[in-house]
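S.K.:
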Ligand SMILES: [Zn+2]
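Following this line, the structure appears as structure tokens:
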């Protein structure tokens, strides 16, 4: 993808955010008007079932040995899943606001205590296609809310990976191992890091990022995601084919 196409995608995303910011509050799941600043309308709220504080949050699809505490807002389903799909594949970067609030709420509820917030990076080609990294937009909200440092470019993808959602679970870890690198190790050394993504399925991507962060000297890594999906392949299949790549 050329630089000009990337620029067009980024400008289009900014325009979407500006337009949505000026429109009246709407439900993140279905765009129904919301009288107040609530994330979901009454109907969608019924299908959004957040994890209770202290409840186990690791989905059955999560591989053993992903190695770090995981905090999630809710299981992937209902309005939460719909809002994430719209945010990620529907050209709706403006949904980072309401979804970021949900993630921050989960972080606070779990007593997350970190020094630095880092998003799971997109490969530059994917970033150019989408115009924004959904994890980075969420991470900005979390860092702001927790009043800690935000390092959106601390991690980078050194190679594109095959579509995780289409791979068997045992292949996923292998697929992403070594796919990430820490750009500036001095930024993460001795820091407690919150690693942000939208959805965790097997946790393979998170584990690969964690390995890079710990290898660069981070003190600890806590995973912070909007939703845990038990079966990423099934849940995400309804999105457009090009969108499977994250
Ligand atoms: Zn709704």
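Numbering (the working numbering), first residue to last: 11 to 256.
We put the CB at the ideal spot given by N, CA and C, even for glycine.
1) Residue ranges of each alpha helix (DSSP H) run of no fewer than 4 residues wholly in the region 71-108, ordered along the chain?
2) Residue range of the beta strand (DSSP E) that residue 191 falls in?
3) Put residue 14 into one of helix, strand or coil per three-state DSSP.
4) Thinking residue 237 and residue 94 are a contact (beta carbons under 8 Å), I'd like their distance in whole angstroms, please.
5) Does DSSP classify residue 162 as helix, strand or coil?
6) For residue 55 and residue 77, I'd like the C-alpha separation in whole angstroms.
7) Just how far apart, CA to CA, sit residue 57 and residue 180?
8) Does residue 132 come out as helix, strand or coil in the three-state DSSP assignment?
9) Classify residue 49: buried if its beta carbon has 16 or more other beta carbons within 10 angstroms, exposed otherwise.
10) Does any CB atom of chain D fall closer than 9 Å to the CB of residue 162?
11) So what's residue 180 in DSSP terms, helix, strand or just coil?
12) For residue 102, which option in 148, 83 and 166 has the closest C-alpha, if you only look at C-alpha atoms?
13) Is residue 97 near ligand 1, with its Cβ less than 8 Å from a heavy atom?
14) Sorry if obvious, but does the Cβ on residue 39 come closer than 8 Å to a heavy atom of ligand 1?
15) Does the beta carbon of residue 42 fall short of 8 Å from some heavy atom of ligand 1?
16) Just curious, the alpha helix (DSSP H) that residue 237 is in, first and last residue?
17) Any heavy atom of ligand 1 within a distance shorter than 8 Å of the CB on residue 53?
18) Spell out the partners DSSP gives residue 210 in its beta bridges.
19) Please state whether DSSP places residue 202 in a helix, a strand or coil.
20) Indicate whether the contact test is met: 3 or more Cβ pairs, each with one atom in the region 106-116 and one in the region 187-200, closer than 8 Å.
21) Since residue 97 and residue 144 should fall inside the 8 Å C-beta cutoff, what is the C-beta to C-beta distance between them, to a whole number of angstroms?
M.R.: Taking the coordinates as given:
1) 88-99
2) 190-192
3) helix
4) 6 Å
5) Three-state DSSP puts residue 162 in coil, outside helix and strand.
6) 32 Å
7) The straight-line gap from Cα to Cα measures roughly 31 Å.
8) coil
9) By the neighbour-count rule (16 or more Cβ atoms within 10 Å), residue 49 is buried.
10) The structure shown contains no chain D; it holds only a single protein chain.
11) helix
12) Nearest C-alpha to residue 102: 148.
13) no
14) Taking 8 Å as the cut-off, the C-beta of residue 39 counts as close to a heavy atom of ligand 1.
15) yes
16) Note, residue 237: premise wrong, no alpha helix (DSSP H); beta strand (DSSP E) at 230-238.
17) yes
18) 238
19) The answer is strand: DSSP assigns residue 202 an E or B state.
20) no
21) With a Cβ gap of about 6 Å, residue 97 and residue 144 count as contacting.
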